[in-house]
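K.L.:
Handing you a structure now.
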Amino acid sequence: LAGTNYVDFLFYDQIMTLIDDDLSKHPHDPFFLVWTPHIAHAPLQIPKDYLKQYDNDENQCSAFGTDIYPGSGTNPDIYHCRSMYESMVELLDELVGNVTNKLKDTGVYEN
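Under the numbering used here, the final residue of the sequence shown carries the number 96; numbering is consecutive throughout.
Laid out in structure tokens, this is it:
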């Protein structure tokens, strides 16, 4: 990620701000939100703080091409595509859960 913000954190922050802003301006209007996260798609990237090692990582990334396996410059002993993907899905679940909880807490989830 080279010191940049993880793109789905940027979207997540905007969504949380949008919920607050919209509800403060239009508390009785219907609320509609479409969010299409990029997390569970190639390329496999996750902030290091969210990367977890899973026991079932068979490191078969090289069979999937360069979108999944970064290629010759990557040490296959330390690149674990399944751990990376599972970490990405776990982060996605956390972010969706946070948005869902915010919608429920503000009373617009059933709106």
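Even for Gly, the Cβ is constructed at its ideal location relative to N, Cα and C. A quick note: this is a predicted structure, and the numbers were derived from the prediction, not measured.
Does the Cβ-Cβ distance between D(-2) and H23 come in under 7 Å?
P.N.:
no
K.L.:
Please classify Y(-3): does DSSP put it in a helix, a strand, or coil?
P.N.:
helix
K.L.:
Closer than 7 Å by C-beta to V81: which residues in its own chain qualify, once you throw out the five before and the five after it? Chain order, please.
P.N.:
none
K.L.:
When the distance is taken between beta carbons, is F16 closer than 7 Å to I83?
P.N.:
According to the sequence displayed, residue 83 carries Asn and not Ile. Taking 7 Å as the Cβ cut-off, N83 and F16 do not qualify as a contacting pair.
K.L.:
In three-state terms, what does DSSP make of T2?
P.N.:
helix
K.L.:
Between the alpha carbons of D5 and T21, how many angstroms are there, rounded?
P.N.:
19 Å
K.L.:
Between the alpha carbons of P12 and L88, how many angstroms are there, rounded?
P.N.:
12 Å
K.L.:
Under 8 Å by Cβ, that's how I've got A27 and L77 pegged, so tell me the actual separation to the nearest angstrom.
P.N.:
Actually they do not touch by this definition, with Cβ atoms about 14 Å apart.
K.L.:
What does the Cβ neighbour count give for L3, buried or exposed, with the cut at 16 atoms within 10 Å?
P.N.:
exposed
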